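Take a look at the structure set out below.
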Amino acid sequence: MNAPLLETRGVTKRYGNLEALRGVDFHISANEIVALLGDNGAGKSTLVKLLSGINPPTSGELYARGEKVTINTRQESEDIGIETIYQDMAVVDDMEIWRNMFLGRELRNALGFLKEAEMKSMTMNELSSGVDISGIDSADQLVGSLSGGQKQAVAIARAVHFRKSILLLDEPTSALSVRETNKLLDYISNLRGRGTSAVFVTHNIYHAYEICDRFVVMSHGTKVHDITKAETSVDDLTQMVINS
Amino acid sequence: MADTNGNAQAVAPSRITTRGGLRGLLDKLLATSAGNIIVAFVLIQLACIIAGLIWSEQFRYLSPSNISIMLKAIPTLGIIALGVGFLMIAGEFDLSVGSIYAFTAVVCSMLIAAGLSAWLAAPLMIVVGAAISMSNGLIAMRFLLPSFIVSLGAMLFWKGMIFFVHGAQAIRFSGSESFKEAFAGSLGPIQMPFVWFFVLTVLFHFTLRHHRFGNHVFAVGGNAPAATANGVRPMQVKLICFALAGACAALSGIISAARVGSVTPAQGGGLELQAIAAAVIGGVALTGGRGSMIGVFLGSALIYTIQDVLLLMRAPGFYLDIFVGALIVFAAIANQLVGRGAGK
Ligand SMILES: Nc1ncnc2c1ncn2[C@@H]1O[C@H](COP(=O)(O)OP(=O)(O)OP(=O)(O)O)[C@@H](O)[C@H]1O
Ligand SMILES: [Mg+2]
Chain A
29 MNAPLLETRG VTKRYGNLEA LRGVDFHISA NEIVALLGDN GAGKSTLVKL
79 LSGINPPTSG ELYARGEKVT INTRQESEDI GIETIYQDMA VVDDMEIWRN
129 MFLGRELRNA LGFLKEAEMK SMTMNELSSG VDISGIDSAD QLVGSLSGGQ
179 KQAVAIARAV HFRKSILLLD EPTSALSVRE TNKLLDYISN LRGRGTSAVF
229 VTHNIYHAYE ICDRFVVMSH GTKVHDITKA ETSVDDLTQM VINS
Chain B
144 MADTNGNAQA VAPSRITTRG GLRGLLDKLL ATSAGNIIVA FVLIQLACII
194 AGLIWSEQFR YLSPSNISIM LKAIPTLGII ALGVGFLMIA GEFDLSVGSI
244 YAFTAVVCSM LIAAGLSAWL AAPLMIVVGA AISMSNGLIA MRFLLPSFIV
294 SLGAMLFWKG MIFFVHGAQA IRFSGSESFK EAFAGSLGPI QMPFVWFFVL
344 TVLFHFTLRH HRFGNHVFAV GGNAPAATAN GVRPMQVKLI CFALAGACAA
394 LSGIISAARV GSVTPAQGGG LELQAIAAAV IGGVALTGGR GSMIGVFLGS
444 ALIYTIQDVL LLMRAPGFYL DIFVGALIVF AAIANQLVGR GAGK
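See the structure below:
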């Protein structure tokens, strides 16, 4: 129980000459919601994609529940129990909502043919129950025809539907209205009771302070602060992000 | 789930208006990826049939011999176009399909002449066709090159290889009667090449629209990074599509060899561009991620309909280029407009 769910040790990520992550030690424990804060270009999304397996580290080590692991593919991160809402949402505009929802994890029969009716109804269920967003009235709509917020809702619904032990949320409220944002924040803070931990990337420190247990501030690819809620305040955090 | 706002459910009373009647039906049809081509195809067929009825002496469109010629001619291009269209939806090209078409037919004829059964030689050469196309894909993806360029090289390479292994003279295709019956005979009134074309269209259609693999093909062609982020492997999916394109080209070459009874090494030139044309006319997006097999089927048929009409009207051959050339551009514009409608 003492080993964190997921941990990075001295992780570095290079893009050519640019070091987007420089020796980052990061961890997340069971039933914990961690905020990941920092300026534009600090390396937050790079860390999220690294943990999701689509952007493997250049060097450094990863541990899941105390055991050394590699996360070099999406498959490996899925096996560890990671679900992600990517900053760019990772949806295919030319495909219907239900196809996006189940992309890579299609419900299918023994021959590999799709169980379409089932996937469509599950999609509509998820869209209207979890973090429901108005205006989507059919799972057959192309994602490219949705509004920015509706599109984000599809990405959220997908991660929420397949949620296991760890949910990574990279600016999931960037396109949402106030009402929808509040619903999502509410949902995230309720995750603790459901056995899911979360990493919440946001630029809104008030939102982060409201729902998170711990705050990690990044700057220029390094971790500069790692502090629990009891040890800090919104004002302190704001100063940390601004001065980092 | 936890809903702080209690009531908050603001589904706007239908902001979507649908037109009724024939207009509504047309709207719905045009919104599908094969919509444009279905409408165009039906209109052109209607025009031809009406003209054929009115001027039945001069314009012999409906004569049994004309229909039989068309049904024979369409599958050669059509089967290649199915594979090429499938690959284009995955976001890649293979310009070497015309050379694969000729190379595999020539080598197949040589193997049969050397004593191998056609029933063994044909599947073997279909695998070879798949392998050639896959090697194009492998090189393109391994070195991060556009497949357009790699397969352009392969087109010349394999065209040259035909002359290297066989020379320039035509070769007889002497497969067994049962083989010829299966690939060039007829099933009732319909010739076997057309039966194969039709069966492949149906098979590919269901794979693309209703099978997990087809779902991945659309995702990889539409947005490869998003596909990767969801655990789909673009490289793997694309390689299978390359294999399909090569296999289709080889099958088409073998079918036409069986039908004609001989192969000329120079045949197949230009088929790669016609196949892309058929796919584009059929609604496949040049950028990948959009298209349908029904569209490719009709696109191939449309190219031959136009060719046939021009022949019946005794128009000089270059008219075909003019018509098909203009049609490709129109079709590309129409595809683009459909794409915008979907929010691109
Ligand atoms: N694919 C890439 N190729 C090259 N450089 C990249 C790539 N992705 C990110 N970077 C660079 O890495 C650095 C960190 O980017 P990252 O997306 O992690 O920032 P971020 O903290 O998420 O910022 P934001 O708050 O704006 O989303 C930036 O300087 C960025 O330019
Ligand atoms: Mg980011």
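Residue numbers (the numbering used here), protein chains in the order written: chain A, 29 to 272; chain B, 144 to 487. Glycine included, every Cβ here is placed at the ideal spot set by N, Cα and C. Please read all numbers here as calculations on a predicted model, not as lab measurements.
Quiz: which residues have CB nearer than 5 Å to ligand 1 non-hydrogen atoms = Y43/A, A48/A, N68/A, G69/A, A70/A, G71/A, K72/A, S73/A and T74/A
Count the other CB atoms within 10 Å of the CB of P289/B; is the residue buried (16 or more) or exposed (fewer)?
-> exposed
Helix, strand or coil for D170/B per DSSP?
-> helix
By Cβ distance below 6 Å, which residues in the same chain neighbour L295/B in space, the five residues on each side in sequence not counted?
-> L238
Would you identify the three-state DSSP class for A92/A, choosing helix, strand or coil?
-> strand
Within 9 Å, strictly: CB atoms of C251/B and V452/B = no
Are the C-beta atoms of T247/B and some chain A residue less than 9 Å apart?
-> no
Relative to the C-alpha of S57/A, which residue among L135/A, V245/A and G223/A is closest?
-> G223/A
Step through the CB atoms of chain A and report whether any lies within less than 9 Å of the CB of N179/B.
-> no
What did DSSP end up calling N148/B once you bin it into helix, strand or coil?
-> No answer about N148/B holds up, because its pLDDT of 40 lies below 50 and its placement is not dependable.
Can you find at least 3 beta carbon pairs, one from the stretch 204-221 of chain A and one from the stretch 124-132 of chain A, that sit closer than 8 Å?
-> no
Quick one: any contact between the stretch 427-436 of chain B and the stretch 294-309 of chain B, if contact means 3 or more CB pairs under 8 Å?
-> no
If you draw a straight line from the C-alpha of P459/B to the C-alpha of I471/B, how long is it?
-> 20 Å
Closer than 9 Å, CB to CB, is V342/B near chain A or not?
-> no
Note down, in chain order, each residue of its chain lying with its Cβ closer than 6 Å to the Cβ of A216/B, except the 5 sequence neighbours on either side.
-> Y447
Which residue's Cα is closest to the Cα of S278/B: G396/B, L165/B, K381/B and R166/B?
-> K381/B
Going by DSSP, which residues form a beta bridge with F243/A?
-> A63/A and I255/A
If you measure beta-carbon to beta-carbon, which residues of the stretch 231-260 of chain A are closer than 9 Å to chain B?
-> none
D198/A beta carbon near ligand 2 (any heavy atom closer than 8 Å) | yes
Determine the chain B residues that contact Y273/A at a beta-carbon separation under 8 Å, and present them in chain order.
-> Only positions 29 to 272 of chain A appear in this structure, which leaves residue 273/A out of reach.
Just to confirm, does S229/A get its C-beta within under 8 Å of one of the non-hydrogen atoms of ligand 2?
-> For the sequence presented, residue 229/A should be read as Val rather than Ser. Indeed, a heavy atom of ligand 2 lies less than 8 Å from the Cβ.
Where S399/B sits in the DSSP three-state scheme = helix
Which listed residue (R207/A, R242/A and A185/A) has its alpha carbon closest to that of F54/A = R242/A
So, using beta-carbon positions, are V52/A and M246/A closer together than 9 Å?
-> yes
Is the beta carbon of Q180/A within less than 8 Å of some heavy atom of ligand 2?
-> no
Any idea if G412/B is buried or exposed, counting beta-carbon neighbours within 10 angstroms, 16 or more meaning buried?
-> exposed
With H55/A as the anchor, note down where its beta strand (DSSP E) starts and where it stops.
-> L46 to I56
Between the Cα of V120/A and the Cα atoms of S317/B, R315/B, L196/B and A369/B, which residue gives the shortest distance?
-> A369/B
Examine chain B for any beta-carbon lying closer than 9 Å to the beta-carbon of G177/A, and answer yes or no.
-> no
Are there three or more Cβ pairs, one per stretch, closer than 8 Å when the stretch 400-411 of chain B is compared with the stretch 372-386 of chain B?
-> no
Using a Cβ-Cβ cut-off of less than 9 Å, list which residues of the stretch 60-89 of chain A approach chain B; keep chain order.
-> K77, S80, G81 and I82
Taking Q103/A as the query, report the chain B residues whose CB atoms sit under 7 Å from its CB, ordered along the chain.
-> G374
Look up A428/B in the DSSP assignment and say whether it is helix, strand or coil.
-> coil
Would a check of beta-carbon distances place S193/A closer than 9 Å to chain B?
-> no
Nearest to I437/B by CA position, among G234/B, L346/B, A372/B and F461/B, is which residue?
-> L346/B
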